[in-house]
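What follows is a single structure, written as structure tokens, with notes after it.
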DNA sequence: GAGTTTTTGTGATGAAACGCACAAAAGTGC
DNA sequence: GCACTTTTGTGCGTTTCATCACAAAAACTC
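Residue numbers (full-length UniProt numbering), protein chains in the order written: chain A, 1 to 225; chain B, 1 to 225.
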């Protein structure tokens with residue numbers, strides 16, 4: 001209903017709002033203004049109001065936003081009451097950490113199974129999550145209605161694994177490998193590239209020392225060097 | 001010559017180019033065109049050419065880019081021959097995985113120490129990286145000239161830890177906690193919010209089935225989410 | 001070495017997002 | 001209930017980034 005066309009950036013901020021509203025609700029706060037949210041989340045208040053305005057007129061002038069109402073609205077909008085099952089492919093260091101990360105408690109996302117080709121891992125459990133061999137994938141996907149996979153395999157097998165996943169019916173991949181994955185255009189892939197993030201941070205530090213606002217990424221190299 | 005004003009997005013793509021060029025170089029490829037890079041990296045060739053054009057005229061018309069030259073140029077530009085030491089704060093699941101991740105082999109970034117307040121962890125090593133108590137922080141930072149910290153503590157202590165880090169002289173933070181950190185404006189903070197990434201992926205899947213844009217490697221770094 | 005092909009670098013245009021600034025509405029105080 | 005304050009929702013200018021499209025240059029072909 002609500003969604004016409006929400007800018008991508010907005011969609012990315014909604015979970016942030018949601019999370020903070022949960023916090024406010026937990027401490028019993030009744031109302032919050034865009035300025036209040038802005039302070040806490042370090043997002044411009046106008047941006048926040050604009051974001052909400054895509055969803056409807058959720059606030060009241062001179063008052064702000066009712067925490068409970070807004071929280072409930074976002075919960076519905078983000079379908080936070082439906083549990084989304086996901087699988088994790090590649091039970092290495094990072095994969096294991098993510099299995100233990102427990103997305104479920106705070107967000108209704110549940111890793112229902114891990115997959116690995118290492119036979120010594122198959123059959124074990126990590127934090128109650130069973131580890132299967134890859135050939136059980138289709139079966140598990142069907143059983144738990146899984147459409148999303150977290151990919152934490154070595155880069156060298158990332159593409160082959162992706163092909164396999166797509167074939168098995170996966171529609172969204174959260175890719176932690178540095179590989180650029182090729183997939184049909186209806187498959188949604190988000191990349192989290194840890195080394196790029198680290199390198200970029202270091203690059204900015206080295207090249208633009210002691211500059212503007214934390215939030216501000218304008219890069220003017222005030223001619224030293 | 002090189003850096004005047006490089007768009008933030010470009011700076012984020014440079015490590016990508018660098019990594020792929022390394023690969024090309026390793027297999028003995030002499031030249032590459034923006035179209036070739038585009039195919040491999042799933043970035044529009046015009047975007048790639050524009051990115052490089054910020055650094056200078058690195059290609060030759062009718063030829064493309066010389067792999068060795070471009071690689072060397074980027075190596076210099078990204079200061080890939082200098083090792084950057086970083087520390088990791090919070091040796092939990094994720095922290096441990098990152099300690100083992102070995103950024104060093106592929107990129108000249110080295111985690112020289114982990115910190116945790118859990119006394120049972122202090123004094124141990126993970127993959128050869130020693131774990132210290134927080135009160136040794138300043139000492140270690142000074143010894144290894146560290147200015148960057150990876151933050152993998154629980155969200156509840158993220159802000160306090162940040163204050164401590166800033167105080168000790170840290171200038172860049174790669175924040176894996178969901179907390180929005182407050183810090184002086186000269187401190188650079190990049191956020192990697194795993195749950196937001198996962199939730200956003202799921203949101204897009206649920207709401208825009210079968211859409212465009214396989215390639216979305218946006219990550220959030222505070223404002224730049 | 002003339003003609004054809006490839007490919008860059010960039011001007012121009014478009015698209016997405018940001019954030020200022022303000023009217024309008026609602027709340028607050030006396 | 002009147003004056004003042006707060007705060008939203010949004011029109012609009014600005015900024016940032018992506019991409020088209022093409023002249024110019026270099027490379028390739030025969």
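Heads up, the beta-carbon is just placed ideally off N, CA and C, and yes, glycines get one too.
Here the structure is a predicted model, which is why all the values come from computation and not from measurement.
- Below 8 Å on the Cβ atoms is my guess for residue 202(A) versus residue 148(B); work out the distance and round it to an integer in Å. Taking C-beta atoms under 8 Å as the contact rule, residue 202(A) and residue 148(B) qualify, at a distance of about 6 Å.
- How big is the Cα-Cα spacing for residue 71(A) and residue 54(A)? One C-alpha to the other measures close to 16 Å.
- Can you grab the Cα-Cα spacing for the pair residue 101(A) / residue 127(A), in whole Å? Computed Cα separation, rounded: 9 Å.
- Message: Per the DSSP calculation, residue 175(A) is bridged to which residue(s)?
- Response: DSSP, once it has assigned bridges, lists 151(A) and 191(A) as partnering residue 175(A).
- Message: Just to confirm, is the Cβ distance from residue 168(B) to residue 151(B) under 7 Å?
- Response: Here residue 168(B) is not near residue 151(B), since their CB atoms are 7 Å or more apart.
- Query: So, residue 67(A) versus residue 23(A), is the Cβ gap smaller than 7 Å?
  - Reply: It is not a contact, given that the beta carbons lie outside the stated cut-off.
- Within 7 Å (strictly less), CB to CB, does residue 197(A) reach chain B? Answer yes: the Cβ-Cβ gap between residue 197(A) and chain B drops below 7 Å somewhere.
- Query: Does any CB atom of chain B fall closer than 7 Å to the CB of residue 41(A)?
  - Reply: Chain B contact via Cβ: present.
- Message: Let me see if you follow: with CB-CB separation under 7 Å, is residue 15(B) close to chain A or not?
- Response: Yes, contact with chain A.
- Query: Is any beta-carbon of chain A found at less than 7 Å from that of residue 202(B)?
  - Reply: Closer than 7 Å to some Cβ of chain A, the Cβ of residue 202(B) qualifies, so yes.
- Query: How would you label residue 124(B), buried or exposed, when you count the other beta carbons within 10 angstroms and need 16 or more for buried?
  - Reply: Exposed.
- Message: Using a Cβ-Cβ cutoff of less than 8 Å, which residues in the same chain neighbour residue 75(B) once the five nearest sequence positions on both sides are dropped?
- Response: So the qualifying residues of the chain are 18 and 81.
- How about residue 181(A) and residue 192(A): do their beta carbons lie closer than 7 Å? Judged by their CB atoms, residue 181(A) and residue 192(A) are not nearer to each other than the 7 Å cut-off.
- Item | 7 Å Cβ shell around residue 109(B) - same chain, five flanking residues per side excluded | Cβ within range, chain order: 84, 86 and 103.
- Message: For the stretch 177-188 of chain A, list every residue whose C-beta sits within 7 Å of some C-beta in chain B, in sequence order.
- Response: Those would be 178, 180, 183, 185, 186, 187 and 188, in chain order.
- Query: By DSSP, does residue 87(B) sit in helix, in strand, or in coil?
  - Reply: Looking at residue 87(B) - three-state DSSP - the assignment turns out to be strand.
- Cα-Cα separation, residue 25(B) to residue 44(A): Linking residue 25(B) to residue 44(A) through their CA atoms gives a straight-line distance of about 44 Å.
- Could you have a look at residue 35(A) and say whether DSSP puts it in helix, strand or coil? Correct three-state label for residue 35(A): helix.
- Query: Between the C-alpha atoms of residue 160(A) and residue 154(A), what's the straight-line distance to the nearest angstrom?
  - Reply: Taking the Cα positions, residue 160(A) is about 11 Å away from residue 154(A).
- Query: Is it the case that the Cβ atoms of residue 38(B) and residue 27(B) are separated by a distance below 7 Å?
  - Reply: No, the Cβ-Cβ distance between residue 38(B) and residue 27(B) is not below 7 Å.
- Taking Cβ positions only, does residue 172(A) come closer than 7 Å to chain B? Taking Cβ atoms only, chain B reaches closer than 7 Å to residue 172(A), which makes this a yes.
- Message: Is the separation between the beta-carbon of residue 171(B) and that of residue 99(A) shorter than 7 Å?
- Response: Cβ distance not < 7 Å, so residue 171(B) and residue 99(A) don't count as in contact.
- Under 7 Å between C-beta atoms, does residue 100(A) make it to chain B? It does: the Cβ of residue 100(A) has a partner Cβ on chain B nearer than 7 Å.
- Kindly list, in the order they appear in chain A, the residues whose Cβ is closer than 9 Å to that of residue 263(B). Summary: the structure shown does not reach residue 263(B), with chain B confined to residues 1 through 225, and so no result is reported for it.
- Would you verify that the beta carbon of residue 132(A) is, or is not, closer than 7 Å to some beta carbon of chain B? Judged by the 7 Å Cβ criterion, residue 132(A) is not in contact with chain B.
- Neighbouring residues, chain B, relative to residue 107(A) (Cβ below 7 Å): At a C-beta separation below 7 Å, residue 107(A) has these neighbours in chain B: 195 and 199.
- Query: Thinking C-beta only, is residue 114(A) closer than 7 Å to residue 91(A)?
  - Reply: In this structure, the beta-carbon distance from residue 91(A) to residue 114(A) falls below 7 Å.
- Query: chain A partners of residue 19(B), CB-CB under 9 Å?
  - Reply: Result: 178, 195 and 196.
- Item | Closer than 9 Å at the beta carbon, the chain B residues around residue 11(A) | Simply 200, 203, 204 and 207.
- Reducing DSSP to helix, strand and coil, say where residue 56(A) ends up. If DSSP states are grouped into helix, strand and coil, residue 56(A) belongs with coil.
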